[in-house]
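J.:
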Amino acid sequence: MSVEVVDGNPYSRLMALQRMGIVENYERIREFSVAIVLLESKIQKARSKKDTLRARAQSTKFVLTSISGLMLLLVLNFSSLVKWFRKTDASLVFGYFRTATKVSEMLGNVNTSSALFAFEKMEEKGRAFRY
Numbered sequence: 001m002s003v004e005v006v007d008g009n010p011y012s013r014l015m016a017l018q019r020m021g022i023v024e025n026y027e028r029i030r031e032f033s034v035a036i037v038l039l040e041s042k043i044q045k046a047r048s049k050k051d052t053l054r055a056r057a058q059s060t061k062f063v064l065t066s067i068s069g070l071m072l073l074l075v076l077n078f079s080s081l082v083k084w085f086r087k088t089d090a091s092l093v094f095g096y097f098r099t100a101t102k103v104s105e106m107l108g109n110v111n112t113s114s115a116l117f118a119f120e121k122m123e124e125k126g127r128a129f130r131y
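In terms of full-length UniProt numbering, the sequence shown has 40 at position 40, counting the first letter as 1, and numbering is strictly consecutive.
(1) What does the Cβ neighbour count give for M20, buried or exposed, with the cut at 16 atoms within 10 Å?
(2) Tell me whether the beta-carbon of L14 lies closer than 8 Å to the beta-carbon of I29.
(3) Compare the beta carbon distance of L38 and G126 with 8 Å and say whether it is the shorter of the two.
(4) Looking at A46: is its Cβ nearer than 8 Å to the Cβ of M122?
See the structure below:
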């Protein structure tokens, strides 16, 4: 690090204040500022991951509602359902419905609010630490 004081560099200003005797614990302040930068990067990564997971959940929900809509259309239009059964192997058809049912049951039990709450709580703690 340069000994020259530059206005754009907060560390050089802090070093100048230390030389003048105004700041006594320059190293400790510098360590805290590095820790804050690291914490901010962790929060940003967590926020990005949260956004990714939220987008995946929304697309999965869309796919499931599309599958449910398709199942409803097939049930309402019974003649189409019969034609579909004739064209397709019955084990594949029942496997499809069984899989769709299991997936919708699994996603019905997923609770994302607690995970989102944890991210928000971590972000609040980071802000409190910063100020």
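Virtual Cβ for every residue (Gly too), placed ideally from N, Cα, C.
The model shown is predicted, which means the values in this text are computed figures rather than measured ones.
T.: From the atom records:
(1) To locate residue 20, count along the sequence shown from 1; it is residue 20. The residue in question, M20, is exposed, as its Cβ has fewer than 16 Cβ neighbours within 10 Å.
(2) For the purposes of this step, residue 14 is identified with residue 14 of the sequence shown, where counting begins at 1. For the purposes of this step, residue 29 is identified with residue 29 of the sequence shown, where counting begins at 1. Their beta carbons are under 8 Å apart, which means L14 touches I29 by this criterion.
(3) Along the sequence shown, read from residue 1 onward, the residue named residue 38 stands at position 38. Along the sequence shown, read from residue 1 onward, the residue named residue 126 stands at position 126. Cβ distance not < 8 Å, so L38 and G126 don't count as in contact.
(4) One-based indexing of the sequence shown puts residue 46 at position 46. One-based indexing of the sequence shown puts residue 122 at position 122. Yes, these two residues count as a Cβ contact at 8 Å.
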